[in-house]
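Residue numbers (the numbering used here): 198 to 808.
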């Protein structure tokens, strides 16, 4: 599920920069908007901080207000298209400039998208390649809104995104890219009747049978402007995707062919002055956006000048880039250095203490011969020994805190972190992860019916088996609460396939529980566990005062997993839509429906994993 603050303030920097470029200032752009006034003295300080995120509602207000101030046709597209020319991406601009060509930029669009919003996913369907027919480089991008985001509410960021994508080649001094939107998922009735950009035209769009009709804004007559079509999938890199190929309903389907998906084709242009409301050939109600991007190939001369430019001005940009990266690594390096110093100091103190103990014993044997000298030396040694013991105990406590990671991780991951000297939860971090909750169903009935010694025996066997499975899949065991477990994937060792690991672990757990069932049956109880899994952005790290830090994970997405676990029956593994989208290539599920979770605005689509 998308988090509440799902829009990066980098977008607001782009908007405010463009408004200032056109008008000389962005005065009034943030008036009356809510922001974290306890941390920032002015709205500008908050909304122009590229490391902060804001709500979709706040961004929409700012964006629509900016359009009204500038008052130009195609404002949203032009604003996005200005980002490359004006360099308004914030620190990400330094990363862009070290790419060799526009092709590098388009390949990394998914990465930049994750740094700009948490409302949609972008996938490179066809990597950039030279097209001989058009004599341009061409790439295909699939853009899909997250399951809990209504694309109609996000409409104005559609041309804005196309503008950003078109601007990428301008960084290398070549013409903007041509961005064609082959498909879009909008429902015409919803978009044209409710979107504020179209409401003034009173189009009264209706879908009747297999046709789209509207009231022509020029003469007021109702006209047919679209018809139902069947989208036909095409094969790209071994997978089926929709790229705009279709057949009309009047055309018979090919024998044995896959029927595809119904959509609507626009058959007539509708314009008012310079404003294009509908364009012939547009396809609506597609399953996702599909963008066809083409741009000029970077010439040898420009490639050479790019290398020369990086060589000439690389010093300043390299310094900025290094500073950015160093900020991200600062915490890890500091923790690593502190641990190395701590380890060395402890070894020296332990050696000194052993030497002093040996020396003290020698002095005691000679007490009769050198009583007066021994008393003086003994007083000094006792004082020194007391100080050394205090220091040693303090250093040992610090080492024990660091080694607490052995409570959470498998031996393999523990050794990897220790050998690399990596930091462990030094500062709370927000990142994309997968969290898992498990619980034995009806466990309280077992505790009432068997002796404590037997209960500890069977519970110890169950937990040992579960922990072995967690370690096998490199999960982080965060908490054991009675018969319940909290596990997460993606920290402290970052992995791309955290959702897949979590689901595979859950399947192995269900199978192991089935195998352990015979042992529990002798106590008159059928063993069964419920599991809840969710994927999303959450905060992970050491939380609490220095005297009682706790490495854990918190956030609304954690609450979603806990809610799914509470709903799961014995033998059930319930996963969210976000998790399912990452694992649907290998797992079968049964749809369960939508659930409500406190603190989450939209219902969560839920699936039961078939194992």
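Virtual Cβ for every residue (Gly too), placed ideally from N, Cα, C.
From the options, residue whose alpha carbon lies closest to that of residue i
{"i": "residue 205", "options": "256, 215, 222", "result": "256"}
{"i": "residue 463", "options": "436, 676, 402", "result": "402"}
{"i": "residue 490", "options": "380, 481, 429, 422", "result": "380"}
{"i": "residue 637", "options": "584, 341, 565, 724", "result": "724"}
{"i": "residue 409", "options": "423, 625, 556", "result": "423"}
{"i": "residue 347", "options": "571, 253, 231", "result": "253"}
{"i": "residue 754", "options": "766, 769, 736", "result": "736"}
{"i": "residue 272", "options": "578, 746, 216", "result": "216"}
{"i": "residue 495", "options": "333, 625, 214, 769", "result": "333"}
{"i": "residue 786", "options": "212, 769, 800", "result": "769"}
{"i": "residue 443", "options": "479, 362, 554", "result": "479"}
{"i": "residue 553", "options": "583, 565, 625", "result": "583"}
{"i": "residue 481", "options": "393, 387, 431, 391", "result": "387"}
{"i": "residue 628", "options": "705, 681, 734", "result": "734"}
{"i": "residue 244", "options": "266, 363, 662, 214", "result": "214"}
{"i": "residue 626", "options": "644, 248, 649", "result": "248"}
{"i": "residue 310", "options": "396, 362, 578, 241", "result": "362"}
{"i": "residue 675", "options": "713, 632, 648", "result": "632"}
{"i": "residue 351", "options": "394, 366, 331, 328", "result": "394"}
{"i": "residue 341", "options": "438, 407, 335, 404", "result": "438"}
{"i": "residue 296", "options": "577, 365, 201, 575", "result": "365"}
{"i": "residue 486", "options": "440, 466, 471", "result": "440"}
{"i": "residue 545", "options": "800, 585, 578", "result": "585"}
{"i": "residue 680", "options": "666, 691, 665, 660", "result": "660"}
{"i": "residue 719", "options": "436, 651, 275, 746", "result": "651"}
Neighbour-count burial assignment, residue i, 16 or more Cβ in a 10 Å radius
{"i": "residue 558", "result": "exposed"}
{"i": "residue 207", "result": "buried"}
{"i": "residue 522", "result": "Bear in mind that a pLDDT of 44 at residue 522, under 50, signals an unreliable position, so the model cannot answer this."}
{"i": "residue 450", "result": "exposed"}
{"i": "residue 421", "result": "exposed"}
{"i": "residue 568", "result": "exposed"}
{"i": "residue 776", "result": "buried"}
{"i": "residue 551", "result": "exposed"}
{"i": "residue 246", "result": "buried"}
{"i": "residue 315", "result": "buried"}
{"i": "residue 678", "result": "exposed"}
{"i": "residue 782", "result": "exposed"}
{"i": "residue 512", "result": "Residue confidence for residue 512 is low, a pLDDT of 49 falling below 50, so the modelled location carries little weight; the figure read from the coordinates is stated next. So residue 512 ends up on the exposed side."}
{"i": "residue 447", "result": "exposed"}
{"i": "residue 670", "result": "buried"}
{"i": "residue 251", "result": "buried"}
{"i": "residue 263", "result": "buried"}
{"i": "residue 810", "result": "Absent from the structure is residue 810, since the part of the chain shown begins at 198 and ends at 808."}
{"i": "residue 328", "result": "exposed"}
{"i": "residue 663", "result": "buried"}
{"i": "residue 164", "result": "The structure shown has nothing for residue 164, since the chain only spans 198 to 808."}
{"i": "residue 581", "result": "exposed"}
Check whether residue i and residue j have beta carbons under 7 Å apart
{"i": "residue 634", "j": "residue 683", "result": "yes"}
{"i": "residue 320", "j": "residue 339", "result": "yes"}
{"i": "residue 277", "j": "residue 368", "result": "no"}
{"i": "residue 784", "j": "residue 757", "result": "no"}
{"i": "residue 353", "j": "residue 414", "result": "no"}
{"i": "residue 488", "j": "residue 378", "result": "yes"}
{"i": "residue 774", "j": "residue 344", "result": "yes"}
{"i": "residue 573", "j": "residue 560", "result": "no"}
{"i": "residue 138", "j": "residue 400", "result": "The shown model of the chain, from 198 to 808, leaves out residue 138, and the question about it has no answer."}
{"i": "residue 630", "j": "residue 672", "result": "no"}
{"i": "residue 791", "j": "residue 779", "result": "no"}
{"i": "residue 624", "j": "residue 741", "result": "no"}
Whole-number beta carbon distance between residue j and residue i, since they are thought to touch under 8 Å
{"i": "residue 445", "j": "residue 433", "result": "Their Cβ separation, rounded to whole angstroms, is 23 Å, which puts residue 445 and residue 433 out of contact at 8 Å."}
{"i": "residue 209", "j": "residue 286", "result": "Incorrect: roughly 12 Å between the Cβ atoms, too far for contact."}
{"i": "residue 492", "j": "residue 374", "result": "4 Å"}
{"i": "residue 646", "j": "residue 721", "result": "7 Å"}
{"i": "residue 461", "j": "residue 382", "result": "About 11 Å; that fails the 8 Å criterion."}
{"i": "residue 337", "j": "residue 267", "result": "No, residue 337 and residue 267 are not in contact; Cβ-Cβ is about 31 Å, not under 8 Å."}
{"i": "residue 392", "j": "residue 349", "result": "7 Å"}
Residue-chain proximity (residue i, chain D), Cβ-Cβ < 7 Å
{"i": "residue 726", "result": "Any reference to chain D falls outside this structure, which holds one protein chain only."}
Is it the case that the region 454-472 contacts the region 356-373, given that we only count it when at least three CB pairs across the two stretches are under 8 Å? no
Just checking, does the region 695-704 make contact with the region 642-660 on the three C-beta pairs under 8 Å criterion? no
Is the region 744-756 in contact with the region 706-717, if contact means three or more CB pairs nearer than 8 Å? no
Looking at C-beta atoms only, is the number of pairs between the region 230-249 and the region 294-311 that lie closer than 8 Å three or more? no
Should the region 257-265 be regarded as contacting the region 213-231, the criterion being three or more beta carbon pairs within less than 8 Å? yes
At a cut of 8 Å, does the region 723-736 reach the region 757-765 through at least three beta carbon pairs? yes
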